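Take the sequence shown: its position 8, counting from 1, is numbered 50 in my numbering, and each next residue is one higher.
Where a beta carbon is used, it is the ideal one built from N, C-alpha and C, also for glycine.
From a predicted model like this one, the values you see are computed outputs, not experimental measurements.
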Amino acid sequence: MLTAFFFYFAFATVVSSIFTIGFRSPVYCTLALLSTFLHVAGLFVLLHAEFIAAIQIIVYVGAVLVLYLFILMLLDLKSNESFMHKQVWWAVFFGIVIIVEILIGLFKSPIMGKMPVPVSAEEAIGNTQAIGLALFNKYLLPFEVVGLILLGAVIGAMVLAKKVPLKQKAVSAKVE
């Protein structure tokens, strides 16, 4: 049953990532990216990394994707009349070639017949606690610096997105 879920999540991730680069409309691309992020989170759940799956959904779907949509609304991009790029068929072709090469390499590897060792329940419970302790003890300074960099990026995006009113442009033109 886990194998069926894996193949579903893997296939859906590959297809939605092809759609992410294949659609012409930026909104459709963003929705395909949403599907990609959610299916990758499903792969993390299958790997018993529930914390990383939750962070994947919270950070990428909840923050990054909303930021993408926000920027798309600010830029007001117009899409062309065609639904998909012409290059999407080349992307599909080369994607299939790469998948075939990966499968050939997997089937020829010496570890193909060996079964993985299951993770015990104690190790899975301590995973989130270990990440929290490492993040707030050993990596506290880089964590804070990343927060400041993101704050600067948000302020910069707001300054760049601010439109000057038409009256103010006319007044500043008369002064010069």
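Closest by C-alpha distance to residue i, when choosing among the options
i, options, result
"S5", "P152, S59, L190, Q129", "Since the first residue of the chain shown is 43 and the last is 218, residue 5 is not available in this structure."
"T72", "Y50, M200, F112", "F112"
"M200", "V188, G137, L109", "L109"
"I63", "I141, K128, L80, L117", "K128"
"F135", "M115, Q98, F149, V57", "V57"
"Y70", "L202, L114, F51", "L114"
"A172", "T55, F65, A46, A91", "A91"
Run of the alpha helix (DSSP H) containing residue i, from where it starts to where it stops
i, result
"Y102", "Taken as a continuous stretch (DSSP letters only), Y102 belongs to no alpha helix (DSSP H), as it is neither H nor E."
"A96", "92-97"
Collapsed DSSP secondary structure at residue i in the structure displayed
i, result
"Y181", "coil"
"A163", "Residue placement at A163 is poorly supported in this model, since its pLDDT is 48, which falls under 50; the coordinates still yield a value, given next. Looking at A163 - three-state DSSP - the assignment turns out to be helix."
"K150", "helix"
"M43", "coil"
"L89", "coil"
Contacting residues, own chain, Cβ-Cβ under 7 Å from residue i (five flanking each side not counted)
i, result
"M43", "none"
"A95", "A83, F86, V87"
Residue i: CB within 7 Å of a non-hydrogen atom of the ligand ZN
i, result
"F79", "Only the bare structure without any ligand can be found here, which leaves the ligand ZN out of the picture."
Proximal residues to residue i (C-beta, below 8 Å), its chain only, five neighbours per side dropped
i, result
"Q98", "F79, V82, A83, F86"
"L177", "F185"
"P130", "Here the sequence assigns Val to residue 130, which means Pro is not the residue at that position. Hits under 8 Å: I60, I63, G64."
Residues near residue i in its chain [Cβ-Cβ closer than 6 Å; skip 5 each side]
i, result
"L182", "none"
"L107", "L76"
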